[in-house]
């Protein structure tokens, strides 16, 4: 298998299909991805470039080059990148708290995307930053970035399937009576222009599974797995049931600065199929120092 190419071998029951239909219906590639590769001449059969109306034959070897020369209007910056996993299709990093993922008007530089572009440039890789998952500025933990259009398409599609698992650890106020459960409450964005979300029947379906990992004098360490991916979902749900996250100044009601300077939320585990091989990847990262220190404080 070549690093930047998908290689397919035509089987007997696929013979006679047009190349476009084969790539779309059998290999499940998006129309946009197929069209772009065809226009760039990045599709070949038996080492010969072909058009999308080519009729495929038994044992034809189809090579689909996923590498496309692209650029992004983001300045590369030397920022420490904690790489947890990397290959030719994707990179998973452990984002530190206080780091914005992508440049905005308020944060035009110093973001994870700036650091990743510098990292790619230093390695001689012509990649743009294709975010598969996102984390709030003050949430730490694992985040997936695709290195090419094919990987991004595949991962974005897989995110909504059952075998794609995103799990978090959080430290919340109080001790939950039920040690595990499912919160199934719709989340709605208010009409007042605020970034706050609320539980409201007008909102989108939102499902959070939780289980208490440890109980302390002043709170619980809980594991949360998302079945949906709404903005601020964990923070909204936990506040709604009376157990806001420590350090959550947007949804919490208590000044927690003596305990922690940001919301106590950490994306610690990812399980998902690799976009190319379909083998399951299981990645975990431990609690950062500030959450460990918080736990020591609430034990007392």
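Numbering (the working numbering), first residue to last: 660 to 959.
Positions of the beta carbon are idealized from the N, C-alpha and C atoms, including for glycine.
Going by DSSP, which residues form a beta bridge with residue 932? Residue 932 sits at position 273 when you count from the first residue of the chain shown. In the DSSP assignment, residue 932 is bridged to 939.
Is residue 792 closer than 7 Å to residue 754 when the C-beta atoms are compared? Here residue 754 is taken as the residue at index 95 of the chain shown, counted from 1. Here residue 792 is taken as the residue at index 133 of the chain shown, counted from 1. Their beta carbons are not under 7 Å apart, which means residue 754 does not touch residue 792 by this criterion.
Measure the alpha-carbon distance for residue 704 versus residue 751 and round it to whole angstroms. In the chain shown, the residue the question calls residue 704 occupies position 45. In the chain shown, the residue the question calls residue 751 occupies position 92. Using only the alpha carbons, I get a separation of about 33 Å.
When you compare the stretch 782-796 with the stretch 838-849, are there three or more beta-carbon pairs, one atom per stretch, that lie closer than 8 Å? Contact between the stretch 782-796 and the stretch 838-849 is absent, with fewer than three C-beta pairs closer than 8 Å.
I'd like the list of long-range same chain contacts for residue 912, defined as Cβ closer than 8 Å, with 5 residues on each side in sequence excluded. Locating residue 912 in the chain shown gives position 253, counting from the first residue. The residues are 903.
Could you give the DSSP three-state label for residue 770: helix, strand or coil? The count along the chain shown starts at 1 and reaches residue 770 at position 111. Residue 770 falls in the coil class under three-state DSSP.
C-alpha distance - residue 880 paired with residue 807, whole-angstrom precision: By one-based count along the chain shown, residue 880 stands at place 221. By one-based count along the chain shown, residue 807 stands at place 148. Taking the straight line from one Cα to the other gives about 37 Å.
Residue 797 versus residue 716 - alpha carbon distance: Within the chain shown, the letter at position 138 stands for residue 797. Within the chain shown, the letter at position 57 stands for residue 716. Per the coordinates, the alpha-carbon of residue 797 lies some 53 Å from the alpha-carbon of residue 716.
Would you call the stretch 819-832 and the stretch 876-893 in contact, with 3 or more CB pairs under 8 Å? Yes: the two stretches touch, three or more of their Cβ pairs being nearer than 8 Å.
Going straight from the alpha carbon of residue 613 to that of residue 686, what length do you get? This structure cannot speak to residue 613, because the chain is shown only from 660 to 959.
According to the Cβ coordinates, are residue 901 and residue 919 closer than 7 Å? Locating residue 901 in the chain shown gives position 242, where the first residue counts as 1. Locating residue 919 in the chain shown gives position 260, where the first residue counts as 1. Residue 919 is positioned such that its CB atom lies no closer than 7 Å to that of residue 901.
Using the C-alpha atoms, what's the distance from residue 749 back to residue 893? Translated into positions along the chain shown, residue 893 becomes position 234. Translated into positions along the chain shown, residue 749 becomes position 90. CA-to-CA, the gap between residue 893 and residue 749 works out to about 26 Å.
So, does the stretch 809-825 touch the stretch 779-786, judging by three or more C-beta pairs under 8 Å? The answer is no - the stretch 779-786 does not touch the stretch 809-825, with fewer than three Cβ pairs under 8 Å.
I'd like to know whether the C-beta atoms of residue 867 and residue 896 end up nearer to each other than 7 Å. Working through the chain shown from its first residue, we reach residue 867 at position 208. Working through the chain shown from its first residue, we reach residue 896 at position 237. The Cβ atoms of residue 867 and residue 896 sit closer than 7 Å to each other.
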